[in-house]
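Colleague: Taken in order, the sequence shown gives residues 52 to 627; the numbers are from my numbering. Structure below; questions to follow.
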Amino acid sequence: MRKPILTGAESFEKIIEGNYFYIDKTLFIKELLENKGDVTLITRPRRFGKTLNMSMLQHFFDMNKDGKSLFGGLKIMEYKDIVENHLNKYPVVSFTLKNVNFSTYEQSIEKIKSIVSSIYQEKLYLFERNGLNEFKKKKFYRYCSEETTEAELQDALLFLTECLYTYHKKRVIVLLDEYDRPIDSAYMKGYYTDMIGFMRGFMGNVFKTNNYLEFGVLTGVQRISKESLISEFNNPLVCGITDKLFASCFGFTENEVKEACQMYGLGDNFEEVEKSYNGYRFGGQAIYNPWSIVGFLKENECKDFWANTGSMDILSDIFFKGSPALKDDIAALLTDKPIKMKYVEHIKYPISYKNDNIFWSMLLNAGYIKPCAGATEKRFYAELVNLEVKNVLSDCIEYWFDTQENQTPKVIQQFVNCLLNGDKEGVSETLNKDLLNNPSCHDFKEENSYHMFIFGILLAVSADYVVYSNPESGKGRSDCLIKPKDKEKYAVVVEFKHCRDELVFSSDKNASSSTKPARSTAKINEILKKEAQIGLKQIEDKVYIHNLKKEGYTKIYKYGIAFYKKTCVVEMEISG
52 MRKPILTGAE SFEKIIEGNY FYIDKTLFIK ELLENKGDVT LITRPRRFGK
102 TLNMSMLQHF FDMNKDGKSL FGGLKIMEYK DIVENHLNKY PVVSFTLKNV
152 NFSTYEQSIE KIKSIVSSIY QEKLYLFERN GLNEFKKKKF YRYCSEETTE
202 AELQDALLFL TECLYTYHKK RVIVLLDEYD RPIDSAYMKG YYTDMIGFMR
252 GFMGNVFKTN NYLEFGVLTG VQRISKESLI SEFNNPLVCG ITDKLFASCF
302 GFTENEVKEA CQMYGLGDNF EEVEKSYNGY RFGGQAIYNP WSIVGFLKEN
352 ECKDFWANTG SMDILSDIFF KGSPALKDDI AALLTDKPIK MKYVEHIKYP
402 ISYKNDNIFW SMLLNAGYIK PCAGATEKRF YAELVNLEVK NVLSDCIEYW
452 FDTQENQTPK VIQQFVNCLL NGDKEGVSET LNKDLLNNPS CHDFKEENSY
502 HMFIFGILLA VSADYVVYSN PESGKGRSDC LIKPKDKEKY AVVVEFKHCR
552 DELVFSSDKN ASSSTKPARS TAKINEILKK EAQIGLKQIE DKVYIHNLKK
602 EGYTKIYKYG IAFYKKTCVV EMEISG
């Protein structure tokens with residue numbers, strides 16, 4: 052029998068009691084008990100079931116919950132010793148910081164006060180049943196009424212564990228979901244220093260040398276460096292997406308997805324599901340995005356469900372602050388060209404975009420990219436995870452284009468129209484007069500520095516064409532290939548040539564590099580024309596149109612485009 056599907060649910064109790072669709076992840080409890088540290092930090096991309104799993108832990112361990120009625124029939128109940136020794140045996144403090152996302156430090160602190168107040172009000176029985184002395188009652192009341200100072204707020208969790216231990220004579224489990232959200236938000240909004248100082252005390256006080264703590268579990272997206280935060284914890288166990296521990300506990304395995312598709316009569320759609328939502332690898336295991344799978348099962352359609360579920364601040368930030376080379380690499384990913392990276396396990400704020408590996412590691416943790424097949428070392432090639440992520444990234448870059456004050460997108464559209472219609476003069480004019488001389492347009496600095504430019508083309512033609520960067524064909528790889536979905540239309544092959552300074556300066560061997568006079572504009576154009584013709588000859592000699600011909604394309608525009616700084620020359624031939 053098909054169970055109803057509840058999208059967006061993060062309450063384990065609500066899902067089980069409502070008999071909604073649920074893939075059993077209760078063995079996470081067993082794996083945690085067998086491997087936990089005093090504090091266990093688990094990082095996964097957003098919408099991979101972190102909050103739901105934390106809710107599950109709360110209902111299993113919390114002595115104020117009725118776990119037997121919720122966990123009956125689930126896998127963890129097969130382990131009698133675990134059930135006997137741990138089911139509803141502990142006082143538990145469980146909360147999330149995922150909504151601490153404000154423009155100012157003061158607003159964030161007020162939100163954390165409100166969260167702490169809610170936690171304390173859940174434990175009012177301590178206050179009402181005379182479990183506290185008068186001094187502690189007054190302090191407890193201040194936390195409930197949000198009347199604490201910032202210094203007192205840093206002690207809130209430590210004091211609550213003390214109160215719980217005093218009352219129950221049992222050490223306390225603390226579950227903190229999305230621990231890194233306030234820190235990431237503070238960095239993006241410009242108050243990181245204040246927030247990291249507060250969080251060191253707020254988290255460090257409860258997770259370091261706390262005699263009232265049984266153990267703690269934290270979840271988040273990024274592994275913030277030990278120097279920034281985690282050094283404040285006692286004996287932390289940190290498990291990220293590259294670690295085997297807990298690999299299948301967050302997200303759906305391939306077998307789980309296949310079974311779910313069969314259950315809802317969608318088994319024939321698995322190939323499409325795999326293309327759209329597969330590609331994540333946690334600890335070497337293939338994992339599917341659970342949010343998207345649930346959306347697909349409910350709507351019976353592959354859509355970009357993940358795109359609208361959270362912030363893309365990290366991507367927006369890089370497009371406004373990152374170097375042209377880094378933006379080039381991002382656009383290269385969209386044209387199916389992998390990037391080379393070294394994985395940085397712990398992210399240290401403030402982020403330096405001069406270190407590309409930190410940015411790529413953040414994207415890997417956030418679920419945008421994955422190691423290419425066969426990657427085993429810390430340094431490897433990475434690519435976009437799947438089609439859904441590619442669409443998310445495309446939307447982000449399109450937003451960046453649209454926020455520019457100039458009319459770059461409109462100019463690119465004009466350029467594309469000329470390119471697709473074989474208008475050589477129009478291509479040259481648009482490039483020379485508009486694109487290459489637009490101060491905010493991407494500046495070509497190297498021959499391989501054009502991926503952002505190619506992405507502009509991709510945005511303009513994505514409805515009717517497919518754009519490839521460095522596709523293999525014939526005896527090599529062309530720079531750019533544009534294939535129409537309608538084979539009656541012209542395909543386009545482009546070869547870029549970049550002229551370096553030594554080509555356009557005087558060859559006077561007696562002059563120093565700093566005093567060599569520049570060649571005239573006419574001479575530069577003559578050199579560029581030769582280079583563009585070399586590009587055309589390369590297309591011919593290396594048979595770049597071979598695959599197009601093989602696929603049934605009979606009409607092809609071939610372009611050689613040579614550029615030097617803000618000047619370019621275009622040569623074109625027609626095949627077929």
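For every residue, glycine included, the Cβ atom is placed at its ideal position computed from N, Cα and C.
Quick check: what's the CA-CA separation for ASN472 versus GLY627?
Modeller: 14 angstroms
Colleague: Counting only the same chain and skipping the five closest in sequence on each side, list residues whose C-beta sits under 6 angstroms from that of LYS604.
Modeller: According to the sequence displayed, residue 604 carries Tyr and not Lys. LYS538 and ALA542.
Colleague: Mind the definition here: the stretch 120 to 140 touches the stretch 66 to 78 only if three or more C-beta pairs lie below 8 angstroms; say whether that holds.
Modeller: yes
Colleague: Based on DSSP bridge pairs, tell me the residues matched to PRO422.
Modeller: ALA433
Colleague: Would you list the one or two residues that DSSP bridges to SER168?
Modeller: SER168 pairs with nothing; no bridge assigned.
Colleague: Would you be able to state if there are at least three C-beta pairs under 8 angstroms between the stretch 156 to 165 and the stretch 99 to 107?
Modeller: no
Colleague: Under 7 angstroms Cβ to Cβ from TYR615, same chain only, skipping five residues before and after it: list those, please.
Modeller: CYS550, VAL555, ILE575 and LEU579
Colleague: Would the beta-carbon of LYS606 fall within 8 angstroms of that of GLY527?
Modeller: Result no, Cβ atoms of LYS606 and GLY527 do not sit closer than 8 angstroms.
Colleague: Return the first residue and the last residue of the alpha helix (DSSP H) that PRO341 is part of.
Modeller: 341 to 350
Colleague: Express the C-alpha separation of ASN406 and SER520 in angstroms, rounding to a whole number.
Modeller: 25 angstroms
Colleague: For ALA562 and CYS619, I'd like the C-alpha separation in whole angstroms.
Modeller: Reliability fails at ALA562, whose pLDDT of 48 lies under 50, so the model's placement of it is uncertain and the value that follows must be treated cautiously. A direct Cα-Cα distance of roughly 27 angstroms separates ALA562 from CYS619.
Colleague: Rank ASP446, ASN442 and SER412 by C-alpha distance to the C-alpha of TYR432 and give the top, closest one.
Modeller: For the residues ASP446, ASN442 and SER412, the minimum Cα distance to TYR432 belongs to SER412.
Colleague: Can you tell me whether DSSP reads GLU213 as helix, strand or coil?
Modeller: helix
Colleague: Rounded to whole angstroms, what is the Cα-Cα separation between ALA613 and GLU480?
Modeller: Using only the alpha carbons, I get a separation of about 14 angstroms.
Colleague: When the Cα of VAL25 is compared with those of GLU476, LEU470, ILE390 and GLU213, which residue comes out closest?
Modeller: Examination of residue 25 is not possible in this model, given that the chain is present from 52 through 627 alone.
Colleague: Short of 7 angstroms in beta carbon distance, which residues of its chain neighbour ILE409, apart from the five on each side in sequence? Order them along the chain.
Modeller: VAL395, ILE398, ILE402 and SER403
Colleague: How about GLY298 and GLY271: do their beta carbons lie closer than 8 angstroms?
Modeller: Residue identity differs from the one stated: residue 298 is Ala in this sequence, not Gly. For ALA298 and GLY271, no; Cβs fall outside 8 angstroms.
Colleague: Please state the DSSP three-state secondary structure of CYS447.
Modeller: helix
Colleague: Helix, strand or coil for CYS469, going by three-state DSSP, please let me know.
Modeller: helix
Colleague: Cβ of ASN437 within 8 angstroms of Cβ of TYR516?
Modeller: Between ASN437 and TYR516, the C-beta spacing is not below 8 angstroms.
Colleague: In whole angstroms, what separates the C-alpha of LYS393 from that of ASP446?
Modeller: Inter-residue distance for LYS393 and ASP446 is about 26 angstroms (C-alpha atoms, whole angstroms).
Colleague: State the DSSP-derived secondary structure class of LYS391, mapped to helix, strand or coil.
Modeller: strand
Colleague: Do LYS617 and GLU582 come within 8 angstroms of each other at the CB atom, strictly closer than that value?
Modeller: no
Colleague: Can you give me the C-alpha to C-alpha distance between SER529 and ASN351, rounded to a whole angstrom?
Modeller: Distance between the alpha carbons of SER529 and ASN351: 39 angstroms.
Colleague: Run the CB neighbour count on ILE625, radius 10 Å, all protein chains shown included, and call it buried at 16 or more, exposed below.
Modeller: exposed
Colleague: Hey, THR212 and TYR263: beta-carbon distance below 8 angstroms or not?
Modeller: Going by C-beta atoms, THR212 is nearer than 8 angstroms to TYR263.
Colleague: Give me the DSSP bridge partner(s) of ARG274.
Modeller: BP columns for ARG274 are empty, so no partner.
Colleague: If you check the beta carbons only, do PHE301 and LEU227 fall under 8 angstroms apart?
Modeller: no
Colleague: For GLU85, which option in TYR71, SER62, ILE420 and ILE133 has the closest C-alpha, if you only look at C-alpha atoms?
Modeller: ILE133
Colleague: At the level of alpha carbons, what is the spacing between ASN70 and TYR339?
Modeller: Rounded to whole angstroms, ASN70 to TYR339 spans 23 angstroms at the Cα level.
Colleague: What are the start and end residues of the alpha helix (DSSP H) that includes GLY252?
Modeller: 243 to 258
Colleague: I'd like to check one pair, VAL225 with GLY291: are the Cβ atoms closer than 8 angstroms?
Modeller: no
Colleague: So the candidates are ASN115, PHE153 and LEU148; which of them puts its Cα closest to the Cα of HIS137?
Modeller: It is ASN115 whose Cα lies nearest to the Cα of HIS137.
Colleague: Enumerate, from N- to C-terminal direction, the unbroken alpha helix (DSSP H) stretches of 4 or more residues contained entirely within the stretch 118 to 167.
Modeller: DSSP runs (the alpha helix (DSSP H)) wholly in the stretch 118 to 167: 118 to 122 and 131 to 137.
Colleague: When we look at the beta-carbon of GLN205 and count the other beta-carbons within 10 Å, is it buried (16 or more) or exposed?
Modeller: buried
Colleague: TYR608 by DSSP, collapsed to three states: which one?
Modeller: strand
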